[in-house]
Every structure is written in C-alpha cells, then in structure tokens.
Amino acid sequence: MLDHTYIHYITDPSIAAQQVATLAQEPILGVDIETYPLPAYRNRAKAGLDPYLAGIRLVQVASGAGRVAVFDLLHLPPTILTPLTTVPWVVFNGDFEYRHLTHAGLPVPRLQDAMFLDRLISHRLRDLAEVSCDILGQSLDKTLQTSDWGTAQLAPAQLEYAARDALACLRIAEQLTPRIRLLGRHRLYNLWCGALPVLAGLELRGQAFDWENHARLTGVWQQKRDYWAAELTSLLGAGVNPASGKQVSEWFCSHPTAGDLKRWPKTAKTGLLKTGAAEVALYGRPPVVKPLLEFKKYQKLMNTYTDNYVAHQHPVTGYLHPRFWLGGTRSGRISVSNPNTQQVPRYDDFRALFIPPAGKLLISADYSQIELVVAALLSKDQAMLDVYRHQGDLHRTTAAAIAGINPEEVNPDQRQAAKAVNFGNLYGQGPASLAETAYLDYQVSMTTDQARQALQRFDQAYPALKAWKRQQVAAAQQLHKVQTPLGLARDFEVQGVGFLQGEAQNMPIQGAAAEILMSALNRLPAALAGLDAQLYHTVHDELTLQVTPDDADAAAKALQESMVQGFLDIFPEAEEVITKPEVKRGSSWAAVH
DNA sequence: GATCAACGCGCG
DNA sequence: AAAGCGCGCGTTGATC
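To convert, count from 1 in the first sequence and add 427; that's the working numbering.
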C-alpha cells in the first residue's frame, strides 16, 4: 500500500486551497490528525492528546487513488479545510478528531469510524496498528506517534507516518464496510457513528463538579475511615493491615471463633478466605464484622473517589472530562474511563457533586426495568408482556407466582424477594447465589431450597422466557455465538455448558438495551435542535442533559420522545409495552433521581 | 521502580 | 466441582 502512496506536504495557502477543492470532489476521504502540546503544558503528561492543552499540527487527507495531502496548520489557517466537510470522512477512533477539530472551531462532517467497523467483527476495540496488521496485512510502526509534532521542521519520516495512517483508515473502511453490510451489522455501525459526536461533545464540554463540597465530603470519609482503622488495630493487632485480604484471611484462620471457618468460601486462585464484604457479613462474627465492613466501605470511597477525582479536575475547564467508549464492552454498552463516572456511589451527598454549569439545570430520565422489558420482548413471553401491557408490576406478579397467591395479596417482603428472583433469573443465577444476593442486596432471607423453588416457579410463570434462554445457550454451544437484535455477536469457545450459560443468556438482553440507548442518543441532536440543551451524562439506561431553564420544558419533552422512539427503533412492536420515561429536573444529579 | 495477577467493589 | 451478567480501577503482593 505504502509503495503507491503519494504524499503531498502542503504549507502554501494557495496550493492548499487548490488541493482542498480537488479533494472535495472525492466520494469519501481518509482523515487523520497529529497534535502537539501547547508550550504552557509541554511537561504535562499526555497534554498533546487534550484539545484544551494541544494544537493541531497536521491534517492528513487520503483519497481513493492512494494520494495523501498533508496540511501543515503551522503555516495554514485551519478554515482553509472547510470545503472538505462536504465529503464524509473515514477516521480511526474519530472521537479524537471530533474533539480537536471542534475545539479548534472547525466544522466536522459525518464521521465513518474504521475502529467501529473493526469492533463489529473483532469483538473488542483494537488500535490502528493491530487492525492494520490484521485487516491490511501491513504492520504500522507507531514509534513516531509520540514524536515532537510541534517542531518547526517536520522530518520526512514524520510526514510519511502521518500520511500512512490516513490512508490506512480509508483502506480498512474499503475492506470492512461491505463485510459489515453483508453481516447485517450496518445499522449498529451507523448508530455508533451517529452517537460519536454526541458523546465526543459531552467529553469536550465535560461534567461540571462541585469541588468545594467534594473536599468537605473527603474529610468526612477520611475521619470515618481512620476511626474504624483504629478500632481494627485494637481488635486485630497492629501487625494486621485490614486492607490486605491475605492478612485478614490469615487472621481469621488463626482466630477460629471469629468466624464460621467451615463454611467460609475461598478465593479461586490462592485458596485464601474470601474477604469481600459479602463473605465477612455472612461468615464473620462480632465484634470484628462491623468495624471491618465500615473500614472497607470508607477505604473504598477514599481510594476511588477522592484524590483520583481531584487528579482529573481539568486545568482549563475545572470540570471532569471522562472518556466514553462506544462499543467498549462485549455486550455493546458504553464504557467510561478517566474517571469512570458510570460507577459513582449512589449516596445523595456524592451524586449531589455532579452539577450543571452555572445558570443551567439538569434533566434526567431512565428506562424502567429495561432489561426485564427487553427479555419479555426478545422471548415474546406473553405472561411478561401482559404485565407490561397493563402497566402492571412484574415484581408483584412474580411474587404472586412464587407464593401461589393473588397479586393483591403480595406483601412487601415477598415483592422484595421477587425482585431478586427477577433480576437473578435473567443471568442464569443458581439457587445458592440467589439466596445470597437476596439477603445482601435485597435484605430478604431465603434458604437455598426456597431459592431453588422460586426459580422453578419463575420458569413456570414465564415459560417462553425459559425456552428463549435455553435457545440462547444452545446457540452458544452449537453455533458458538449469540447476538443482539442489530447483530452484535459474542463468540464462545467450545467449552463446558456451565461456563457460557449466564453469558449467553445475558448478552443479547444487555446488548439490546444498549442498542435502545444508542438509538435514543442518535435522536438527540435533531430533537434538541434550537434548544440550549446538551448531553451531560449517560449510564446504561439513563440520559441526563444540562439545559437552560427557559428550554427545560421543551428539552424534557424532546428527551422523553427520543427515548421512546429510540426504544421503538429496536423493538417496533413494543408500543403498547413500554412506559414513557419520567423526566426529572434539578440542580444536581442527586436531585434528578 | 515497573509490571502483573489476583482480588475486591463501585455502578447498571 | 461450581460458577448470575457487563464494566474500570483501586490495593496488595509477587516478580523482574
């Protein structure tokens, strides 16, 4: 491929304009950019990757014949590239290009992302070098990726490197686009491409955060952590680090009266006592249990949500700017990192730290019980669908089926237990595990036998769901894959049935729910057009927007409509089954729950 | 000092 | 043999 690459390095404005006019005639362009840290942030790690801390040095534009124009923005005004935006671009991990170009004030056309194309056949996100090697049979040396892109005189090798990547994007797309269409996965591909600018916009804006109260809360947590640590020192002895599973396990083993050692579960690899909160709560004995659980709780909060958050406070905006990875999980859900604001503790005092920018408010809605609704739709289980059709309460219905009574006779404890059964069942949970989660997560005691019976009654109550689950396991065993409505597949190696059962049952359900959310995200730009409303956050079944108060009513309507229509995009037959998500508004994330 | 496996735990 | 799904990321402890 490289042999036929013709690189045109452009620094002259009139030549640039001429080239841009020619390239704008192409049906599609491969595009890549190179960035460099601004002088003020030269010593800051990865500043060159952050649009606020970096400049765009090169924009490389590849066309089908294998020619690559390399525009040097050190010598050219960025706006000279504007005519190129009449042509679709193929990029790789286009989130990066979108954020940098948008921050630089350049319009960005609809992006085709070769990373997504690859994701749809490779089952995980891969970088350009790996994809190039695999799909094009061409190894890409990435050593120049981190070279000095701010230097006055770029080396020929740098220009070649830059050009090569842009062309690789185009060639990968040429290879994979027909394959994705043939596999019937282009709808999901298009949803990812459509969601890309929505999420990249969120990443660029960031999430406003209340740092003052965060510091206050950190102090409270630290005090509590230290208090319980001191308690543990007197109970366990100064030589035992309560944060060390190994040491805690050894302490329990040498103090047999402190726990039920006979029944205490062991870790898989090292054979120590499991020292998770669940095991400590179930198999430990007073007086060690409470201090240990309290210590673990505040230790976790301190470790994950204090200094680490401060480290992610952006030097320019002061906000959090997490990265949202489309297709980041095996089921097609979005994953989030740096920091992962999808795993924020549900305590109100912490969620209250997530606030809109000054003068705005948050509005938020989530899909109610989306995975159960999706399971009903995928399996076409009439009993389940009937419950939702009549705006019934599935937990109550299941509770009635388990106890063999009428739904009106169900008491709160029974309903709570049924919740555990409903959710556990979706993932192929066994009786012992169900009994444990029922106790730990739902505060309901049941014996393993009762759990077994509950699971059986569930299967009897929803026979089509049971059949569907069995069908998924069979597909995993015989075809070695299961898939979502839009064709995202999960492959299974040949192995024992037990290993894949839960995964095979859950993946299509979780994946379908993710596709619904993806559709809603795709609908947002049009629905919010003309309104001062932007995406603030999304967590699997929830969308949160920041809006100006004047537009709150209209935005709430648009959000609800996007979510309803997004659901129907994946399950057109669901009209009478789904309930409209309720949109809440408030001055923080805690207030919209 | 850097890296890795193992474990644990926050969320949906 | 038994095992509820999907993540990101923290510490511990072993190893290089």
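We treat Cβ as the ideally placed atom computed from N, Cα and C, and that holds for glycine.
- Around the C-beta of E630, 16 or more other C-beta atoms lie within 10 Å, and the residue is accordingly described as buried.
- A contact is defined here as three or more CB-CB pairs under 8 Å, and the region 594 to 607 fails this definition with respect to the region 744 to 762.
- In this structure, the beta-carbon distance from N852 to L812 does not fall below 8 Å.
- Between Q987 and K1011, the beta carbon gap of about 11 Å keeps them out of contact (Cβ cut-off 8 Å).
- The shortest C-alpha to C-alpha distance from W678 to any of L508, W691, G664 is the one to G664.
- By DSSP's assignment, P464 forms a beta bridge with A481.
- Excluding the 5 residues flanking it on each side, D978 has same chain C-beta neighbours closer than 6 Å at L958, D959, A960, in chain order.
- Taking a cut-off of 8 Å for Cβ pairs, the region 885 to 896 and the region 859 to 874 do not touch, as fewer than three such pairs fall below it.
- W516 is bridged by DSSP to L456, L538.
- In the three-state scheme derived from DSSP, where H, G and I count as helix and E and B as strand, I1005 is classed as coil.
- Note on C596: 16 or more other CB atoms within 10 angstroms of its CB, so buried under the neighbour-count rule.
- Per DSSP, F885 is one residue of the alpha helix (DSSP H) stretching across 875 to 888.
- Annotation: the region 743 to 785 contains the following complete segments of the beta strand (DSSP E) (minimum length 3 residues), in chain order: 750 to 752, 762 to 764.
- DSSP places Q961 inside the beta strand (DSSP E), whose first and last residues are 960 to 965.
- By the neighbour-count criterion, in which 16 or more other beta carbons inside 10 Å mark a residue as buried, K723 falls on the buried side.
- DSSP lists H435, V488 as the bridge partner or partners of A496.
- Only residues of its own chain outside the window of five on either side were considered, and among them L450, E453, L456 have a CB closer than 7 Å to the CB of S490, listed in chain order.
- Here the C-alpha atom of M934 lies approximately 29 Å from the C-alpha atom of Y774.
- Burial check for R950: the Cβ neighbour count within 10 Å reaches 16 or more, so the residue is buried.
- Cβ contact annotation for V667 (same chain, cutoff 6 Å, sequence separation greater than five): Q674, W678, in chain order.
- For the 8 Å CB-CB criterion, D968 and I797 form a contact.
- Three or more beta-carbon pairs separated by less than 8 Å link the region 496 to 513 to the region 476 to 486, which places the two stretches in contact.
- For Q841, the enclosing alpha helix (DSSP H) stretches over residues 839 to 853.
- In this structure the region 640 to 651 does not lie against the region 692 to 711, because fewer than three pairs of beta carbons, one per stretch, are closer than 8 Å.
- Between R526 and A627, the CB-CB gap stays under 8 Å.
- The residues A891, L892, W895, in chain order, have a CB closer than 6 Å to that of S806 in the same chain once the five nearest residues on each side in sequence are set aside.
- Straight-line spacing of the CA atoms in P858 and A847 works out to 11 Å.
- Under the three-pair Cβ rule at 8 Å, the region 459 to 477 counts as touching the region 575 to 591.
- Beta-carbon to beta-carbon, L955 and A985 are separated by about 5 Å, close enough to satisfy the 8 Å threshold.
- DSSP places E639 within a helical segment (H, G or I) once states are collapsed to three.
- Looking from the CA of Q445, the closest CA among Y479, N470, F498 belongs to F498.
- In this structure, I437 lies near A443, with their beta-carbon atoms less than 8 Å apart.
- When the beta-carbon positions are compared, A862 and A878 come within less than 8 Å of each other.
- Per DSSP, reduced to three states, the secondary structure at E524 is helical.
- Rounded to whole angstroms, the Cβ separation of T975 and G745 is 20 Å, and the two are not in contact under 8 Å.
- Excluding five sequence positions before and after R842, the CB atoms of its chain that fall closer than 7 Å to its own CB belong to H822, R823, A826, given in chain order.
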